[in-house]
Every structure is written in structure tokens, then in C-alpha cells.
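Numbering (full-length UniProt numbering), first residue to last: 1 to 154.
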């Protein structure tokens, strides 16, 4: 059986201020009271359970979003490595590219989920251009694709 202290802890943990707390309790008790002191044991239990379930739902959505972002960032980094934009030993070149040439001109970690789709589209286009260039002898892409040092000083 949950206590008033647990209920108050949940309100604080989830950022529910005093006014919201009174409105929530008033609605929960169908207008009987606004105070936690007047709640019955069963009402406290039910309210605690609802608050915890809502919090678990919100955090699961956030976790899912983060997993999606991580997956899409991975796609971007994979393409960047294949096209010699990113070298795992040197992040400076990649970060400079992202800040100066990417579609929204910001760091990879700052991209939102919907923006990552646009960034992936841009990188797929870069990869197509890279693959075309790698067939032409003497280009930077050609030397990189063959694993040769770039002898062309231009």
C-alpha cells in the first residue's frame, strides 16, 4: 500500500507543481478533495500506479527515439567512412564537414530524428557521386577506392 509520502515523491520526481497536483487530485477524486491528506488508501495506490505507468511510457518512447537516432547516425558514419569523409582516427575532418557542408550545418549529435533522414539522403547522394568518381583514374576517389596514396597534388 502506497503512502502519501510516496505520492508526494512521485509528484516531485515527475515535475508536477502544487497547482497541477491539486487539479490532478481534484479530477481523480471526482471533485471530492484537492488535498493528498484526504485521499483514501486505494486512491493513493491507484494514483501512484498511474503516475508510474505514465512515466514508464514516456521514458520508453524516449529510449525508442534514441535507438532510432543511433541507428541513423550509424548509417551516416558508415557512408562517410566509405567515401573518405570520415576517418575513425581523425574526427576533425568529419566535424568540419558537418558544420560547413551538411544539409543543416550542425554536429551529427545535434540532428533530430526527422533531420537525420534528410542527412542520410544527402550522404547517399555523396556516395553515388563518389562511386562515379572512383571509376575515373587520377581522382581522389579513385586513389582512395584502390587503397593507393593520393599522388595527385591538385
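Idealized CB from N, CA, C, for every residue including glycine. From a predicted model like this one, the values you see are computed outputs, not experimental measurements.
What is the rounded straight-line gap between the Cα of residue i and the Cα of residue j?
i	j	result
residue 65	residue 137	43 Å
residue 85	residue 110	19 Å
residue 22	residue 101	51 Å
residue 128	residue 149	22 Å
residue 37	residue 99	55 Å
residue 53	residue 130	49 Å
residue 81	residue 56	37 Å
residue 32	residue 62	35 Å
residue 206	residue 58	With the chain covering only 1 through 154, there is no way to say anything about residue 206.
residue 14	residue 107	30 Å
residue 11	residue 103	41 Å
residue 77	residue 4	50 Å
Which of the three DSSP states is assigned to residue i in this structure?
i	result
residue 90	strand
residue 15	coil
residue 66	helix
residue 134	coil
residue 79	helix
residue 142	helix
residue 30	coil
residue 107	coil
residue 40	coil
residue 49	helix
For residue i and residue j, which I take to be in contact (beta-carbon distance under 8 Å), what is that distance rounded to the nearest angstrom?
i	j	result
residue 34	residue 25	6 Å
residue 45	residue 89	Not quite, the Cβ-Cβ distance comes to about 56 Å (not below 8 Å), so this is no contact.
residue 183	residue 28	Residue 183 lies beyond the stretch modelled for the chain, which goes from 1 to 154, so this question has no answer here.
Tell me, please, whether the region 61 to 81 touches the region 119 to 139 by the rule of three or more beta-carbon pairs shorter than 8 Å.
-> Three or more Cβ pairs drawn from the region 61 to 81 and the region 119 to 139 lie within less than 8 Å of each other, which places the two stretches in contact.
Segment contact, 8 Å Cβ cut-off, at least three pairs: the region 137 to 145 with the region 93 to 100 = no
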